[in-house]
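Chemist: Before we start, here is the structure in question, set down as structure tokens.
In UniProt numbering, the protein residues as written are 1 to 129.
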């Protein structure tokens, strides 16, 4: 197996690359099977033919995230849905401490998500569909 970030050979049992410190599987510059350099947008390695993108990724819905932001944005539910748990908890506490005034933040984010100009990816970098 090769590091997707730097291209160095890594142990199959390793969790991170010892050369660059990136978690195994993260990155998009090299093929994990043969170590050849790839383009960021490539779906398959030209050299060995292995699939580069995870077709089983857990894609989140842009509509669901936007509606959660509009309706429950003050509770940070839309952020937690997208995997940003820390920011979601922060929004929850700010809404409690400001008697709901900070929920405007989540409402605006919900509208921006639906318009496609706000948050466009989840925490794992997968695009919202």
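The C-beta atom is built at its ideal place from N, Cα and C for all residues, glycine as well.
State the Cα-Cα distance for the pair residue 8 and residue 46, rounded to the nearest angstrom.
Modeler: Their backbone Cα atoms lie some 18 Å apart in a straight line.
Chemist: Taking buried to mean at least 16 other C-beta atoms within 10 Å of its own C-beta, is residue 14 buried or exposed?
Modeler: Residue 14 comes out exposed.
Chemist: Output needed for residue 72: all residues of its chain with C-beta closer than 8 Å, excluding positions within five of it in sequence on either side, in chain order.
Modeler: Correct list, in chain order: 78, 106.
Chemist: Quick check on residue 77: does DSSP put it in helix, strand or coil?
Modeler: The answer is helix: DSSP assigns residue 77 an H, G or I state.
Chemist: Can you tell me the Cα-Cα spacing of residue 109 and residue 87, whole angstroms?
Modeler: Cα to Cα, the separation comes out at about 12 Å.
Chemist: Residue 30 and residue 48 - do their beta-carbons sit closer together than 9 Å?
Modeler: In this structure, residue 30 does not lie closer than 9 Å to residue 48 by Cβ.
Chemist: Going along the chain, which residues of its own chain have a beta-carbon closer than 6 Å to the beta-carbon of residue 53, five neighbours each way excluded?
Modeler: The residues are 43.
Chemist: Comparing alpha-carbon positions, which option in 89, 113, 84 lies nearest residue 66?
Modeler: Per the Cα distances, 113.
Chemist: Per DSSP, residue 32 forms a beta bridge with which residues?
Modeler: None, per the DSSP bridge assignment.
Chemist: So, residue 60 versus residue 122, is the Cβ gap smaller than 9 Å?
Modeler: Yes. Within cutoff.
Chemist: Can you tell which of 115, 64, 127, 33 has the C-alpha that lies nearest to the C-alpha of residue 51?
Modeler: Answer by Cα proximity: 33.
Chemist: Could you pull out every residue in the same chain whose Cβ sits closer than 7 Å to the Cβ of residue 82, ignoring the five residues on either side in sequence?
Modeler: Excluding residues within five positions, the ones whose Cβ falls inside 7 Å are 60, 65, 119, 122, 123.
Chemist: When you compare only the Cα positions, how much space is there between residue 126 and residue 62?
Modeler: Each residue's alpha carbon lies about 11 Å from the other.
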